[in-house]
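Protein chains in written order, with the working numbering: chain R, 194 to 549; chain L, 194 to 549. Where is the CB? At the ideal position from N, CA and C, for every residue including glycine.
Protein chains: 2
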Amino acid sequence: MEAYPMNGGNGPTSYSHNSSLQGKGIMAIKAMIDEAIRDHVDIKHLSSWNPYHIADLGCSVGPNTFLAVKHIIQALELKCSSEGIDSSKQPEFQVFFNDHVSNDFNTLFASPRFGKGRYFAAGVPGSFHGRLFPKASLHFLHSSYTLHWLSQVPRAVRDVKSPAWKRGRIGGLYGAPEVVAAYAAQFESDMDCFLRGRAQELVPGGLMALTLPFNGGWTDVDQPVFIRLFGLLDATLLDMVCTGRLDEDTVDSFNLPIHLPLSKEFEMLVKRNGYFSVEMIQPLPSSPKTSIAFDARLCCMHIRAPLEGIMRKHFGAEIVDEIFERLRYKVEESSYAFSKNMGARQDLFVLLKRLP
Amino acid sequence: MEAYPMNGGNGPTSYSHNSSLQGKGIMAIKAMIDEAIRDHVDIKHLSSWNPYHIADLGCSVGPNTFLAVKHIIQALELKCSSEGIDSSKQPEFQVFFNDHVSNDFNTLFASPRFGKGRYFAAGVPGSFHGRLFPKASLHFLHSSYTLHWLSQVPRAVRDVKSPAWKRGRIGGLYGAPEVVAAYAAQFESDMDCFLRGRAQELVPGGLMALTLPFNGGWTDVDQPVFIRLFGLLDATLLDMVCTGRLDEDTVDSFNLPIHLPLSKEFEMLVKRNGYFSVEMIQPLPSSPKTSIAFDARLCCMHIRAPLEGIMRKHFGAEIVDEIFERLRYKVEESSYAFSKNMGARQDLFVLLKRLP
């Protein structure tokens, strides 16, 4: 199993400074979190589960995680007060911030926003593909933009002799049916692992709010920003093979451990796993197009922050600047296509409830 | 309030590599932890508190914290099995590792020993002079070599106009009665803060095992290692004033936020606070003299790891190597006095129980 933490620290290429697009997603799910907590949290639980344990899985170091936690607690407090539980009887909250062991927890903990709010904070290092918490010890679980990261690149895709070994294209977002199938199988296995772990950790009736980029069956015309960025990164790497800046084998063997499931596919995996009911599953609403201005540099920084670690390891640290510089030119060339679709929906919101 | 974390990382001057003397203390308290858990943990609690929450306050980054947690869990498991609770009915353990926000948690989490054992691990950054956990959420609390660190140097000692302002000597280990009184008052206030916070966080019947260096009323002849080291550090700084390497005012204004209480003094503070009963209070047994060989370099590294941060800030980073080099000469000169007393007891073990 491999770990792919976001860029640490507070520098110009850090995830902390380059996660505002993910942050917009988190703002967009605020309304869904509100709805989820209003309609699906049992008020009996809120008055008896004390302390009330919340976990954010894949918190990284950035500001988004604090925003998500703030929304969850505000919605829980609103639920309490609207049901007549006065503040002296409301539960105390303890929030567990989880990410890979190699995540930059020092930066997370030193953030002025860490632990600020009506809650006690803890960090939990480790992979959510394994167990992280004691049995039945969590009440509400949140995870945003994490489940599309696979625990590893599917073995078949890494095997030159396999029909799923692929040339040129990165990841399983598109490509030969064998490649797509290998990625889907890895996702299925990872999700089953994830759901079985969480089924142990959540109390019966506990909720899990997930947001992840999904495969909306887009055409070239209506591709959301991140999908288009991946396509251009692909093209950039192929250009660099043509001009001799990168070796063909090195590019062929570069695979991102990312899978975007179809909404139906995700729902089916949850049902097959059997521990959770699907309470809500819907794409995040599109942002009004006018609200997000297109900025090629910002877009590139946003794909760089999560991918830089993997790319340094595979291509070598010295070439990474050049790859992203070339990507920026390509993004600028496509600015019309990007700006037309800046607000396009690309994320799925899912609310699961632990069955009794 | 100020934070004084130990030296981070894994380098030659890190606390992680220079805490074996503290580690010997933790080995010495193993027998006391065993006794505390055997005689003072209520078996009803062990079968109903699930998950069972343990916290280590002031964990730093070193190996000692893992050893202490291992001993506690082994003793709890032994208690379970000796009382006929079979392993399927034993509680799951969750351990919270706490230290200052500026502690090097990245190194702690990356340690191969972190979270290794039958427990789930979390990090909790923050000062134990404030609240860290929800109400009544902890069952067993451990803290070693932390409580002698004050939240700040007493104000009176920092005030040139106060009769407690002191010349020359560092800390309140010795000096004019006003200095000693100012340190004792700060310790009293910090302990009251600490105990009130923990009284909120521990369940009634929950235990707190504390080890701290204490003031045994030693003479020059029977001084334990650390006390003697502080005296020589004092002398080193005064030498450096005489030879013009350090400014007199800079040395006069250097104060360590450390207080070693008398055993009686500590017991009295707990009683006055009123939330805990004192179940055990006794000095750690002396080690057999033959078991610890004297090593001047090792001794100096052991005092450097915890003090370097404060000393860099006060004297400037460039002079710190020289101070510790000079200290080493002095320690070597005193090697006879040191080696005679290597195993002398200097630590107090205290077991407190949260009153109902």
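Rounding to the nearest angstrom, what Cα-Cα distance links residue i and residue j in this structure?
i      : j      : result
L/N448 : R/N448 : 57 Å
R/F333 : R/V262 : 10 Å
L/E518 : L/H322 : 34 Å
R/S344 : R/Q379 : 8 Å
R/P549 : L/L331 : 27 Å
R/T483 : R/M535 : Annotation note: pLDDT 48 at R/T483 (below 50); position unreliable, no value reported.
R/I503 : L/K223 : 44 Å
R/G398 : R/D442 : 50 Å
L/V414 : L/V524 : 15 Å
L/P244 : R/K328 : 7 Å
L/L477 : R/G390 : 43 Å
L/F531 : L/I451 : 22 Å
R/N466 : R/D385 : 6 Å
R/A221 : R/W411 : 21 Å
L/S275 : L/Y312 : 20 Å
L/G251 : R/A510 : 37 Å
L/V317 : L/S304 : 16 Å
L/I278 : L/H246 : 18 Å
L/I230 : R/G310 : 36 Å
R/E458 : R/L366 : 14 Å
R/A375 : R/T436 : 31 Å
R/E501 : R/M401 : 29 Å
R/D249 : R/R505 : 28 Å
L/L340 : L/S527 : 29 Å
L/R547 : L/Q393 : 9 Å
L/H134 : L/V471 : Residue 134 of chain L cannot be examined here, being either before or after the span of chain L that is shown, 194 to 549.
Using 8 Å as the threshold, is the C-beta distance between residue i and residue j below it?
i      : j      : result
R/T573 : R/I516 : There is simply no residue 573 of chain R to check, as chain R begins at 194 and stops at 549 in what is shown.
R/L239 : R/L269 : yes
L/D540 : L/P406 : yes
R/T404 : R/S337 : yes
L/V463 : L/L545 : yes
R/Q283 : R/C273 : yes
L/G319 : L/N299 : no
R/F469 : R/L520 : no
L/F419 : L/Q475 : no
R/L439 : R/F508 : yes
Spell out whether any CB of chain R is found under 8 Å from the CB atom of residue i.
i      : result
L/K328 : yes
L/E285 : yes
L/N299 : yes
L/G308 : yes
L/G509 : no
L/V373 : no
L/V418 : no
L/V434 : no
L/G368 : no
L/P318 : yes
Would you say residue i reaches chain L, if we count a Cβ-Cβ gap shorter than 8 Å as a contact?
i      : result
R/G554 : Lying outside 194 to 549, the shown extent of chain R, residue 554 of chain R is not represented and no answer is given.
R/T483 : Residue confidence for R/T483 is low, a pLDDT of 48 falling below 50, so the modelled location carries little weight; the figure read from the coordinates is stated next. No, because no Cβ of chain L sits closer than 8 Å to the Cβ of R/T483.
R/F588 : A question about residue 588 of chain R goes unanswered here, because the residues of chain R that appear run from 194 up to 549.
R/F302 : yes
R/G202 : no
R/F289 : yes
R/A229 : no
R/F177 : Because residue 177 of chain R is not part of the residues shown, which for chain R are 194 to 549, the question remains open.
R/P305 : no
R/V543 : no
R/V294 : yes
Within the continuous beta strand (DSSP E) that includes residue i, where are the two ends?
i      : result
L/V353 : Note, L/V353: premise wrong, no beta strand (DSSP E); not H, not E.
L/M401 : 395-406
Is residue i near the ligand FAD, with its Cβ less than 7 Å from a heavy atom?
i      : result
L/L520 : In the structure on display, the ligand FAD does not appear, and there are no ligands present to speak of.
List the endpoints of the continuous alpha helix (DSSP H) containing residue i.
i      : result
R/Q267 : 257-275
L/L491 : 489-508
R/V317 : Unbroken run through R/V317 is the beta strand (DSSP E), 313-318; no alpha helix (DSSP H).
R/D427 : 418-435
L/N466 : 456-466
Problem set entry | Contact set between the segment 235-264 of chain L and chain R, restricted to residues whose Cβ is under 7 Å from the partner | Taking 7 Å as the Cβ-Cβ cut-off against chain R, the residues of the segment 235-264 of chain L that qualify are P244.
Exercise. Of the residues that make up the segment 324-358 of chain R, which ones have a beta carbon closer than 8 Å to any beta carbon in chain L?
Worked result: For chain L, the residues of the segment 324-358 of chain R that bring a beta carbon within less than 8 Å of one of its beta carbons are R324, L325, F326, P327, K328, S330, in chain order.
Exercise. Of the residues that make up the segment 388-414 of chain R, which ones have a beta carbon closer than 8 Å to any beta carbon in chain L?
Worked result: Listed in sequence order: no entries.
Problem set entry | Where the segment 492-517 of chain L meets chain R: residues whose CB sits under 9 Å from a CB there | Of all residues in the segment 492-517 of chain L, none has a Cβ within less than 9 Å of some Cβ in chain R.
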